[in-house]
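To start, the structure itself, in structure tokens.
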Amino acid sequence: MTLTISDFPRFFAGVNDGHRPFPWQMRLVSTVHSEGRWPAAITAPTGSGKSAVVEAHVFLTALAAVHAGPRLPRRLCVVVDRRALVDSQADRAARVLDWLESSSDPLATEMADALRGLTFGDDSRPMVLANLRGGIATDRRWIDDPSACAVISATPDMWGSRLLMHGYGTSKGARPRDAGLLGVDSVVVIDEAHLSRQLLGTARWVASFTDTSASAIGVPGLQVVESSATARVDDGGTAIGISDEDLNDPGLHPRMTRPKPVRLIESPDWNGKRATSKYVAQLTQEARSLRESTDGGTIGCIVNNVDTALKLADSLGDNCPCWVGPMRPMDLTAIKSEHPELFGLRADVGKPTTPYLVATQTVEVGIDVDFSGLLTELAPADSLAQRFGRVNRKGSREAGPITVVGPREHDIKDQLPYLAADLQAGRSWLRDLSDPNDASPWHIMSCPPAPKSPERAIVKLPHVGDVMRWEATSDTPLAEEELELWIRDSLRPDRLQAGLVMRAALPVDDAVAIPLLGATRPVDDEVFPVSVGVLRALADRILVGDEPHSRAFLYREDEVSALSRSDDDSVDIRNGDVVIIDTGHAVTRKGVVVLDATKPEPVATANGAKGTRVIIDGTPGEHWLTELCGLGDEEAQDAFTQAGETGVITRGPDLGENSDLPWIVVKPQAVVSDDDSIRQEWTSSEHLVTLDAHQDGVARCAESLAARIDLDSAISRLLYQAGLHHDDGKADPRFQKHRLNAPDGTLLAKSPARSAQWTSRRKWAGGLPQGWRHELRSVAVAWPAIEAASDPELVARLIGTSHGHGRVLPQLNAESLTGENDDRELKDRARELFVSGEWCSLMSRTSRRLGAWTCCYLEAVLRAADCRVSKEGS
């Protein structure tokens, strides 16, 4: 068979349990296919299937792969200001991937083969998925293959900060890659865009900045889609939405028109602060009344703050799941496993549905839950409309009753995160819904809710000077960049997000615990999302407390340090930081970090990346603490492997004579191979990786990757030349001796050591100045060879930034790039580039000519090729 656009309904039905696409979803695919770009807006109301942008993207990319459609962005980013939707979109993308890989339908096989044909790895899957939802993002697979079809689910902070080259929780070296791959050859759908006006403005500005420069190298720039029922499109823009004729569709009609009777109850016990026991009792009674009036299903209970949610969940019983925004992914995974039907997942046949789900605003936007009835607190009009959309979402019931509990009109006041004026507007809108049986999506379209009062009067757009500052990712600024100005509608400090991790059995001695945490860096799955303000208060309480383990550690930019209070008694915790504490502290209630926890809760813990285990006294394998003590790194790894054990080991510090090792970390080989900092200088390959062979491999891989991406042939040739010389600086005798321990007469690209820990130690073993960068020396060494290139400055830039450094000031002691045995010409060239300022000028010129994000993108392509070759052991 041959894939054509007419196959979309069949694909959609295969992924969605036989349900065919709605007419507007068909128009979306047809419009993108015919116009060769995504529309400016999607104006379909809640409940109408806006999440199908995932299926549209995957199908259209498969069409392009078989030359049956236009070249469209390879990466789809779905961004919304709710963590739960980020997870929901990630689940949806995972279902599509599962169908492609496991379905017996020949269409699945054809599409999967087409999508794999875009990738440049023999072991690649049809799609790459990523979930950037807060705390830290540890899954880097989406940046390892720029040619692949990717679906990235993200919160505004995580996506916006990466787009602006200063990703929260990322290292400086990773920032250019993130920015390039999000700003070029990507489409972003900002769902419920009225929640993210500032981010929408910034994204559109970047899109205008990248459109021409990206096209010049052969790929699309950033395309921005505003998804909102109230979106307005400028002249010339395209909007896709629902029309009157669409209601003739038998699947869409009940979703849009089935009645949802709304009942407003005034409560004298409602207040703008913490919920009283009497108020919680009233909410409990109303939830149970709704349960009795429906024929099964789950009653959704949506309240306005976490404290009320936790109290109501307690009141409704032990079996009542509580789903609030600030939960760890690993805890949310447990809820999904226990109650899959609440998340649009397949449940076991015959398994009873949970009677209640208590949640906060986290389920307002785009979540594929389908409540049989709804109890909700009064909220702003647009929030109420979103909450109503969770009731009878699929139109499978005759009606979906809704109860709204709020204050008497004269008692309305601020109830953060909502203002009194917005709550009053919500009450007025309920009155405007004159027909009590008509809170259906179709009726709401004719009586649209008023948006919340904007927290910022104007949208602040960047300018070129901002971009020049952002792209200097290697510099250390005097003050941290306040990205909130460009990505947040709210500038309130309590909206800034950080993360908390709890670890069990950490060594008592900080000097031993810190390297252990460095060897088991936190991953997103174990991070509690928490506001910066709350985390500062908790950390301060722990640091000044007298309970066991009155300490905390800070993980920032891939480094772990002890957290301490400054001279003015403040705790330095910033947006995107992760704080690590010992278990046993009272910091959570029902798995949510709160300030008023009274006792420690049992908390599941991890040791960083999946499959990592830590050997300490009293754990399986503790004999290795004695047997591997005192050995060299390579001897220890050999002894461990020859005994039949698997994994790459990292040993704790030697504590002295007659002392065992305090700990050993064992990681799967795949986890270590994914570590970019180790991969630069170490390989698990059993044969020597020579410098010439490695550079030739990277050059060929970069050229092949460029062809799969459809980059301009001239750009492809420049990438080849950059790959051929990106590691020329490693030929420095000092690097060969002190970093790689290479045998005499052989120039290596990777250390022949069998231990990854040995390679890590060599970085601090002397022989080269701290911060010495071989790729900067590569620029000076390669200059005569690249001068004849069609764009030697771009080749030089790609070489010098090939590991994310050198943007813009390379190092203070740049003269150390050359040694006493180097000739005068090389020394003069290095001095001109990195001491006299020519490198900074070259970086500025290439950014102006090609565009800042396009330069980042080309750097990302070269680094991806380098990573692929290094992973393959060459």
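Under this note's numbering, the first residue of the sequence shown carries the number -3, and numbering increases by one thereafter.
In this text, a Cβ means the ideal position worked out from N, Cα and C, and glycines have one as well.
None of these values were measured; they are calculated from a predicted model.
Cβ neighbours of residue i in the same chain (closer than 7 Å, five flanking residues each side left out)
i    : result
A781 : H721
P376 : Y414, D418, L419, A421, G422, K448
I795 : A718, H721, H722, E771, S774, V775, A778
P596 : G580, H581, A582
V463 : A848
A785 : L714, Q717, V791
I569 : A494, V528, L531, R532, A535, V575
Where residue i sits in the DSSP three-state scheme
i    : result
F116 : coil
Q411 : strand
C297 : strand
G362 : Summary for G362: the model assigns pLDDT 46, below 50, so the residue's position carries little reliability; its value from the coordinates is reported in the next sentence. Correct three-state label for G362: coil.
I261 : strand
Q219 : strand
A558 : strand
R136 : coil
S700 : helix
D592 : coil
R730 : helix
P437 : helix
R803 : coil
G626 : coil
L68  : coil
Q717 : helix
Y853 : helix
A600 : coil
D274 : In the sequence as presented, Asp is not what sits at residue 274; that position holds Lys. K274: helix per DSSP, three-state reduction.
T206 : helix
G165 : coil
P511 : helix
S566 : coil
D181 : coil
R427 : helix
Those residues which DSSP pairs with residue i across a bridge
i    : result
N315 : Paired residues: none, contrary to the question.
I38  : S223, I236
E373 : V401
R552 : E555
N127 : S149
I576 : V497, F549
F384 : Paired residues: none, contrary to the question.
Cut-off 8 Å between Cβ atoms - residues of its own chain near residue i, not counting five sequence neighbours on either side
i    : result
T601 : M498, R499, A500, E522, T579
G362 : Note that G362 has pLDDT 46, beneath the 50 cutoff, so the model's placement of it is unreliable and no number is given.
P142 : R70, L177, D181, L701, I705, Y853, A856, V857, A860
E618 : I611, I612
M326 : D521, E522, A600, A602
CB contact below 8 Å: residue i versus chain B
i    : result
T349 : In the structure shown, chain B cannot be found, because there is only a single protein chain.
C-beta contact flag for residue i and residue j at 8 Å
i    : j    : result
V401 : L370 : no
P69  : G32  : no
R112 : P102 : no
Y164 : D181 : no
T234 : N300 : no
V865 : L715 : no
T290 : L308 : no
L96  : A104 : yes
A199 : V185 : no
N817 : P729 : yes
P664 : G643 : yes
Proximal residues to residue i (C-beta, below 6 Å), its chain only, five neighbours per side dropped
i    : result
S149 : V74, V82, Q85, A86, N127
T797 : R803, E855
Quiz item: Do three or more CB pairs link the region 252 to 265 to the region 382 to 392 at distances below 8 Å?
Solution: yes
Quiz item: If you pair each beta-carbon of the region 599 to 613 with each one of the region 649 to 661, do three or more pairs fall below 8 Å?
Solution: yes
Practice problem: Give a yes or no on contact between the region 550 to 560 and the region 504 to 519, applying the rule of three or more CB pairs nearer than 8 Å. | Solution: yes
Exercise. Inspect the CB distances between the region 582 to 591 and the region 629 to 637 and report whether three or more fall short of 8 Å.
Key: no
Quiz item: Is there contact between the region 566 to 577 and the region 587 to 601, where contact requires at least three CB pairs shorter than 8 Å?
Solution: no
Practice problem: Please determine if the region 5 to 19 and the region 238 to 247 are in contact, where contact requires at least 3 C-beta pairs separated by less than 8 Å. | Solution: yes
Quiz item: At a cut of 8 Å, does the region 691 to 702 reach the region 731 to 738 through at least three beta carbon pairs?
Solution: Not touching, per the Cβ criterion.
Quiz item: Do three or more CB pairs link the region 162 to 178 to the region 845 to 856 at distances below 8 Å?
Solution: yes
Quiz item: On the three-pair Cβ rule with 8 Å, is the region 262 to 277 touching the region 433 to 448?
Solution: At 8 Å Cβ cutoff, the stretches do not touch.
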